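Taking it in order: structure first as structure tokens, then the write-up.
Numbering (the working numbering), first residue to last: 598 to 650.
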């Protein structure tokens with residue numbers, strides 16, 4: 598990432614950038630560290646749940 602940049606590009610960086618962040622963006626990178634693969638075109642939030650009954 599360009600160190601002279603003062604704003605994000607169109608997409609979010611995968612790693613926490615070295616720049617001041619809003620509180621919401623800080624939470625995104627520090628409190629929710631679960632891996633997401635939103636940049637992968639095959640990523641889906643679909644979860645299979647078996648039906649019973």
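Glycine residues also receive a C-beta, built at the ideal position from the N, C-alpha and C atoms. Predicted model, so just to flag it, every value in this text is computed and none were measured.
Hey, would you say residue 626 sits closer than 8 Å to residue 634, going by beta carbons?
Mapped onto the chain shown, residue 626 falls at position 29. Mapped onto the chain shown, residue 634 falls at position 37. Not closer than 8 Å, so no.
Got a sec? Which residues, its chain only, sit under 7 Å from residue 613 by beta carbon, not counting five neighbours each side?
Taking the chain shown and counting its residues from 1, one reaches residue 613 at position 16. Here the set comprises 626.
The alpha helix (DSSP H) enclosing residue 620, as first and last residue numbers:
Translated into positions along the chain shown, residue 620 becomes position 23. Note, residue 620: alpha helix (DSSP H), 620-627.
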